[in-house]
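Residue 114 in full-length UniProt numbering is what sits at position 114 of the sequence shown, and the numbering runs on without skipping anything. The structure appears right after this line, and notes come after that.
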Amino acid sequence: MSESVLPPGVPARRPVSYCKTCSVLQLVYLLREASPDKSTSALLWPRLEKYTEVFPNILLGDRSIAQDVSKLKSLGVTHVLNAAHGAIDVSKEYEKVGIEYLGVPADDVPTYNLKQHFEPAAAFINTAVKKGKVLVHCHVGYSRSPTLVAAYLMLYQELTAQESITLIRGKRFIGPNDGFLRQLCEFNDQLVEEGRLELP
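Below is the structure:
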């Protein structure tokens, strides 16, 4: 039987990926339930802080704090991981004051392959927390940057995707897009299969 041919202009359907150890719906539920304030107003009009310490020596923040180099120095930040590299880049200013920098040129769209950056970004964060303090940021600290922090927690703190999302969401309002949540689920499967992560 020959393959069906789609009419011109009709995009091919993306294959559905099924994860064994985690689901996007589960993570979406946890994003809501882990909120310290479940009021309708808090969920519809969340207040996003410039930065939040979501784990010891890991600050999750937005572009405004990333551009305030003197504030970063006063906070003891020694490393900056920018998940919106290209749109925001003040790396030359960091170099002047001895802050180490890693830029990840990620787009905040569900189809972007952020998973390709999980391991190098997590390794950078791991080095940073041993030497000092790291700011992980994107535009508002809502989707790309918390996804990379979750990957670090999975790799180096041996937390599951569910535990990582719950921990971060308990500290800061976040909402990774569904594509990034799916990639965290796939990463969860991968780490379990490779014996690098144990399920509770």
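In this text, a Cβ means the ideal position worked out from N, Cα and C, and glycines have one as well.
Counting only residues of its own chain and dropping the five nearest sequence neighbours on each side, L135 has a CB closer than 6 Å to the CB of L59, G61, V77, V80.
Here the alpha carbons of E186 and Q116 stand approximately 12 Å from one another. In the structure shown, the three-state DSSP call for Y101 is strand. Within the UniProt domain "Tyrosine specific protein phosphatases" (116-172), the runs of beta strand (DSSP E) at least 3 residues long that lie entirely inside it are, in chain order, 134-137.
Going by C-alpha positions, L72 is about 36 Å away from V192. Straight-line measurement puts the Cα of E95 at about 23 Å from the Cα of T52.
For G61, the secondary structure class from DSSP, reduced to helix, strand or coil, is strand. When secondary structure is reduced to three states using DSSP, V69 falls in the helix class. Judged by DSSP secondary structure, L27 falls outside any beta strand (DSSP E) and instead within the alpha helix (DSSP H) spanning 24-33. In the DSSP annotation of this structure, the continuous segment of the alpha helix (DSSP H) that includes N188 starts and ends at 178-193. With fewer than 16 neighbouring CB atoms inside 10 Å of its own CB, P105 falls in the exposed class. Secondary structure at E49: coil, using DSSP grouped into helix, strand and coil. Taking the C-beta atoms as reference points, N188 is found nearer than 8 Å to C19. Contact annotation: the segment 137-150 touches the segment 170-184, with at least three C-beta pairs closer than 8 Å. Per the C-alpha coordinates, the member of P56, I168, V109, L184 positioned closest to E33 is I168. With contacts defined as CB atoms closer than 8 Å, N113 and Y152 fail to qualify as a contacting pair. Counting along the chain, the unbroken beta strand (DSSP E) around V80 starts and ends at 79-82.
Residues V80, S91, Y94 of the same chain have their beta carbon placed closer than 6 Å to that of Y101, with the five preceding and five following residues left out of the count.
Rounded to whole angstroms, the separation of the alpha carbons of L75 and E49 is 15 Å. Here L197 really is in contact with M154; their C-beta atoms are around 6 Å apart, less than 8 Å.
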